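Counting in my numbering, the sequence shown runs from 3 upward without gaps. We treat Cβ as the ideally placed atom computed from N, Cα and C, and that holds for glycine. None of the values given here were measured: they were computed from a predicted structure.
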Amino acid sequence: MLEEALPGGYVTNPVRVGDTVRRRTIGQADFVHRLLRLFEDVDWPGAPRFLGLDESGREVLSYLDGHAAWEAQQPAVVWSQASLHRVGRLVREFHDLTAGTELAGSHEVVCHNDLSPRNTIYQDSGSGLRPVAFIDWDLAAPGQRIHDVALVCWQYLNLGPGIGDVAATAELMQVICTGYGLADRSELVSTILWWQDRCWRGIDKEANAGMPAMLRLRESGAVDQVKAAHHWTQRHRQALERI
């Protein structure tokens with residue numbers, strides 16, 4: 003069947019084949035496949051289904067129809083309070099499904115660890131685009147709830163120098179936390195800063211090691227962008243912590 007290249011996938015080279023997605027496996031693929039099977043067992047619709055491996059050894063996933071917010075310019079409804087609230091709710095759903103499981107181990111939950119609009123599928127059921135599922139679970143691992151919530155705040159609000167109204171952004175962070183049901187927000191901003199610092203250092207380290215995907219990311223200016231986001235978050239920390 004015809005293979006249609008999908009956007010993104012610096013490492014996995016995803017393609018669409020009919021109603022499936024074929025992509026290279028990376029990292030802890032077995033863990034991710036077990037996680038996706040868990041979601042299937044409880045009939046949670048917020049992730050693709052793992053359908054096995056094809057003749058080339060690529061993993062086969064169900065194709066989730068909808069709008070993937072890959073481009074920088076998106077319909078305003080993607081950034082609406084209703085949409086952000088729903089993102090928080092979706093994260094809470096899969097966290098609760100993994101809490102106390104063998105996959106989470108001694109940690110609170112299994113975290114996605116790569117949550118962003120580009121890894122989110124949006125659908126319009128009559129009231130505008132709303133997030134319905136997350137894709138690209140390759141970095142999923144046991145972790146703490148606050149890790150994914152902080153990542154959502156950074157990535158979905160694009161925290162960084164481009165933001166003019168810090169107070170309004172803090173209110174949107176509150177919307178995300180309310181959607182999730184996060185009562186203790188005392189470590190939220192410090193965890194955002196941890197993510198940003200970890201991100202640019204990780205790209206730099208792997209690029210220095212010669213990893214092609216990370217070399218391309220660094221050459222695109224990603225390290226400088228994340229450093230700038232870290233500096234911005236640190237500078238506005240007090241205002242952001244008032245949520």
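Below 8 angstroms on the Cβ atoms is my contact criterion, and I expect residue i with residue j to pass it. Report the Cβ-Cβ distance as a whole number of Å.
i    : j    : result
H109 : D150 : Not a contact, Cβ separation roughly 12 angstroms.
E42  : R51  : 5 angstroms
P133 : S188 : In fact, because the Cβ distance is near 26 angstroms, the residues do not count as touching under 8 angstroms.
D199 : R220 : About 16 angstroms separates the two Cβ atoms, so there is no contact after all.
G48  : C179 : Actually they do not touch by this definition, with Cβ atoms about 19 angstroms apart.
L117 : L40  : L117 to L40, Cβ: 18 angstroms. No contact.
In whole angstroms, what is the alpha-carbon distance linking residue i and residue j?
i    : j    : result
G59  : Y65  : 18 angstroms
G181 : S127 : 19 angstroms
L174 : D56  : 42 angstroms
E208 : T22  : 30 angstroms
N210 : Q236 : 26 angstroms
T14  : E6   : 14 angstroms
W139 : Q83  : 25 angstroms
D45  : R36  : 14 angstroms
P255 : L141 : This structure gives no information on residue 255, because the portion of the chain shown stretches from 3 to 245.
A31  : R25  : 11 angstroms
G54  : F33  : 13 angstroms
Could you spell out where the alpha helix (DSSP H) holding residue i opens and where it closes?
i    : result
A49  : Looking at the DSSP string, A49 is not in any alpha helix (DSSP H), and its letter there is neither H nor E.
T193 : 190-210
L117 : Premise fails: L117 is in no alpha helix (DSSP H) and is neither H nor E.
V93  : 83-100
V62  : Counting along the chain, V62 falls outside any alpha helix (DSSP H), though it belongs to the beta strand (DSSP E) covering 61-64.
T22  : Looking at the DSSP string, T22 is not in any alpha helix (DSSP H); the run it does join, the beta strand (DSSP E), is 22-25.
Q227 : 224-237
P214 : 214-221
L37  : 31-43
For residue i, report the span of its beta strand (DSSP E) as first-last.
i    : result
V111 : 111-113
Q125 : 122-126
R18  : 17-19
Considering only their Cβ atoms, is the gap separating residue j from residue i smaller than 7 angstroms?
i    : j    : result
A172 : I123 : no
I194 : W234 : no
N121 : F136 : yes
V177 : H238 : no
R147 : H97  : yes
L4   : P16  : no
V191 : L242 : yes
V225 : W202 : yes
G130 : V93  : no
G162 : A101 : no
A106 : P77  : no
A71  : P119 : yes
I'd like the ranges of any beta strand (DSSP E) spanning at least 3 consecutive residues and lying wholly in the stretch 136-168. 143-145
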